[in-house]
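Everything on this sheet refers to the single structure shown next.
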Amino acid sequence: MANETLERKIIQLIATDRIEIPISSMSGKLKRIKPKLANAIDLPESEEYTGERVYARIEHEDKEKSRTIREAIEEFAEKYPKHGEVLKGIIAEKRLQKETHLYFGVKDGCRLTAEDYMSVMTDLGFSPATAERLYPELIETSRKLAEKRGRPERSVLIGKCCDDSESN
């Protein structure tokens, strides 16, 4: 029974990973193209566009943002040059970071079933009918992307910690 539960959990992980690959790829492409599309819209700043089905306007917003860590370090180093150099030196030091990964995959000659994938999709909130319609395209895209990568063994980071004993 315990082995069946473990097998099921690993199958869920693999199916989730394979579904994530095309969705993540598409998400990245969408995030990159959206600003390009917005910048290509030639709308005078003082005007608002209202069409039959859509609208658009440009608004300027003043937002206070915290300095980045890099900016804060540079300002600190300008105000306190001696201490700034010490701080930069501490930051530049390498430290050993231990990571724990879970490696996973499907054995040669074995496959996950459509039900394995659709179970993950319904867990994500898709209706069974929607999962069934999306499954073929998602998996085909996942396979194509995996072929480009050469099907390396997959892993997921499950923990990390620093080992300061080796930096001293």
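Under my numbering, think of the first position of the sequence shown as 1, with each following residue one higher.
All C-beta atoms in this analysis are idealised placements derived from N, C-alpha and C, irrespective of residue type, glycine included.
Source: prediction; values computed, not measured.
Hey, residue i and residue j: beta-carbon distance below 8 angstroms or not?
i           : j           : result
residue 138 : residue 19  : yes
residue 56  : residue 37  : no
residue 131 : residue 122 : yes
residue 153 : residue 105 : yes
residue 25  : residue 145 : yes
From the DSSP output, read off the bridge partner residues of residue i.
i           : result
residue 124 : Beta-bridge pairing links residue 124 to no other residue.
residue 154 : 104
residue 48  : 57
Keeping to the same chain, check which residues put their C-beta closer than 7 angstroms to that of residue i; ignore five residues upstream and five downstream.
i          : result
residue 45 : 58
residue 4  : none
Within a Cβ cutoff of 6 angstroms, which residues of the same chain sit near residue i, ignoring the five residues on either side of it in sequence?
i           : result
residue 206 : In this structure the chain extends from 1 to 168, so residue 206 is not present and cannot be described.
residue 136 : none
residue 48  : 57
Can you give the beta carbon distance from residue i to residue j, rounded, assuming they're within the 8 angstroms contact cut?
i           : j          : result
residue 142 : residue 22 : 5 angstroms
Is the number of C-beta pairs between the segment 107-115 and the segment 75-94 that are closer than 8 angstroms three or more?
-> no
Could you tell me whether the segment 92-101 touches the segment 148-162, using the rule of 3 or more Cβ pairs below 8 angstroms?
-> Flag = yes, the segment 92-101 and the segment 148-162 touch.
Should the segment 116-128 be called in touch with the segment 14-34, which here means at least 3 C-beta pairs below 8 angstroms?
-> yes
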